[in-house]
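If you use numbering that gives the first Met the number 0, the sequence shown corresponds to residues 0 to 143, in order. Beta carbons are placed, not taken as given, at the ideal position from N, Cα and C, and that holds for glycine. Note that the structure is predicted; figures quoted are calculated from it, not measured.
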Amino acid sequence: MAAEKVRALSKKQLETLRQKLLAEKHSLVFAELTDNISLSLPEGSDEVEQSITDYQNSHLLRFRNREVFYTKKIEGALKKFEVNEYGMCNECGSWIKFERLLARPTAEMCIQCKEEAEREESSSFFGRQSKSLGKTVDLTGMLA
Ligand SMILES: [Zn+2]
């Protein structure tokens with residue numbers, strides 16, 4: 000499986016990635032705070048306002064689910080720093096390339112294992128489903 004030996008990340012590279020994760024987490028938390036302000040229901044609002052708020056809430060909730068999912072991924076990645084396992088592939092235990100982590104700091108698999116998993120995913124119904132749900136902007140970065 001180890002066709003290509005990837006070196007462990009340097010302290011400097013690790014710090015770069017940690018800062019990136021922290022910055023992403025911060026921006027997500029901030030988005031959530033501003034959401035909550037606009038979502039707070041004023042006392043004694045009438046029915047029209049209520050239904051608008053309901054609509055906005057359901058709309059935001061769907062949007063939020065992805066954020067929550069991503070925030071969890073970020074937190075999971077940050078936890079790995081504490082146990083010195085950040086950058087390690089969940090599947091085969093080899094190091095994930097710095098370039099890949101830079102494009103996708105929450106990556107949990109090396110590119111070989113990821114490609115393998117995606118091949119399996121695309122051959123199953125659930126895989127296709129989760130693929131459309133998890134359609135992210137950095138899909139190209141993942142495959143780079
Ligand atoms: Zn791997």
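Residue environment for K10: exposed (fewer than 16 other C-beta atoms within 10 angstroms of its C-beta). The beta carbon of E90 sits closer than 6 Å to at least one heavy atom of ligand 1. In this model, T105 and D45 are separated by some 44 Å (Cα to Cα). Contact annotation: F97 and Q12 have beta-carbon atoms nearer than 7 Å. Closest in C-alpha terms to I73, from the list E23, M108, L100, comes E23. Rounded to whole angstroms, the Cβ separation of L101 and L16 is 7 Å, and the two are in contact under 8 Å. Under the DSSP definition of a beta bridge, M87 partners with W94. Cβ contact annotation for Y69 (same chain, cutoff 6 Å, sequence separation greater than five): none. Going by beta carbons, E107 and N89 fall inside the 7 Å limit. A76 sits buried, since 16 or more C-beta atoms from the chains shown fall within 10 Å of its C-beta. Distance from the CA atom of S122 to the CA atom of E48, rounded to whole angstroms, is 46 Å.
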